[in-house]
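First the structure, in the form of structure tokens, and then the observations on it.
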Amino acid sequence: MVKRRSSISIGQFALLIALTVGMHLLHELSHALTAVVFGEHGSMGTNTVRYYNGIGTTALIWVTAAGPIVTVLLALLAFNWRSKLGTSVLFIAFAQRAMAAGMSLNHANDEARLSQLLGLGYWTLFAVTVTLTATLFIIRFRERKLGWKWLVVNWLAFSIGITLMVFADNVLPRWQF
Numbered sequence: 001m002v003k004r005r006s007s008i009s010i011g012q013f014a015l016l017i018a019l020t021v022g023m024h025l026l027h028e029l030s031h032a033l034t035a036v037v038f039g040e041h042g043s044m045g046t047n048t049v050r051y052y053n054g055i056g057t058t059a060l061i062w063v064t065a066a067g068p069i070v071t072v073l074l075a076l077l078a079f080n081w082r083s084k085l086g087t088s089v090l091f092i093a094f095a096q097r098a099m100a101a102g103m104s105l106n107h108a109n110d111e112a113r114l115s116q117l118l119g120l121g122y123w124t125l126f127a128v129t130v131t132l133t134a135t136l137f138i139i140r141f142r143e144r145k146l147g148w149k150w151l152v153v154n155w156l157a158f159s160i161g162i163t164l165m166v167f168a169d170n171v172l173p174r175w176q177f
């Protein structure tokens with residue numbers, strides 16, 4: 001029996017960090033672009049989107065929903081890739097939504113705000129997005145027989161990527177829209 005090598009190169013690790021950063025920016029950009037569609041003005045950083053004027057309820061619902069919708073759509077697309085990279089996208093999508101749920105213990109994130117706006121209760125949409133992304137990830141993780149080392153490497157890359165986005169939010173210039 002030949003043992004599979006489970007080593008990862010620096011380039012592959014950097015790709016996982018870049019993938020995390022890219023997915024996070026797409027999430028935030030979807031909020032901003034949806035606001036633009038509704039004629040809103042504001043600014044986008046690497047971790048937040050701010051609006052300059054009061055935003056109507058309909059616009060607020062769609063703008064708030066845009067980020068999680070894009071993240072879930074990316075997960076659904078990645079589920080069909082059947083590759084390690086696709087499984088990494090699934091892990092990132094799951095980790096993003098799970099982390100947002102955890103952060104909502106202190107401050108309402110997208111799904112919590114949207115659930116409240118729709119009268120569904122604080123945790124309802126988190127339960128849906130976290131369960132869906134976790135299920136897709138677990139299916140691919142088990143199917144590909146990826147081990148704990150793969151999981152640790154992806155978790156480390158995700159942690160670095162998200163940390164970069166959070167800290168860069170107050171350092172890098174914001175996109176004005």
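First residue of the sequence shown: 1, per the working numbering; consecutive thereafter.
The beta-carbon is built from N, C-alpha and C at its ideal position, and this holds for glycine as well.
V63 sits away from F94, with the two beta carbons spaced by 8 Å or more. Taking the CA atoms as reference points, T71 sits about 6 Å from H27.
Within the model, the alpha-carbon separation for A66 versus A59 is close to 11 Å. A residue is called buried once 16 or more other Cβ atoms fall within 10 Å of its Cβ, and N170, having fewer, is exposed. C-alpha of S7 to C-alpha of R113: approximately 41 Å in a straight line. Secondary-structure assignment with DSSP links G42 through a beta bridge to Y51.
S88 and L19 do touch by the CB rule: their CB atoms are close to 6 Å apart, below 8 Å. Using a 10 angstroms sphere on the CB of Q96, the tally of other CB atoms reaches 16 or more, which defines it as buried. If you check the CB distance, V21 and G161 come in under 8 Å. Look at W81 here: in three-state DSSP terms it is coil, with no helix or strand label.
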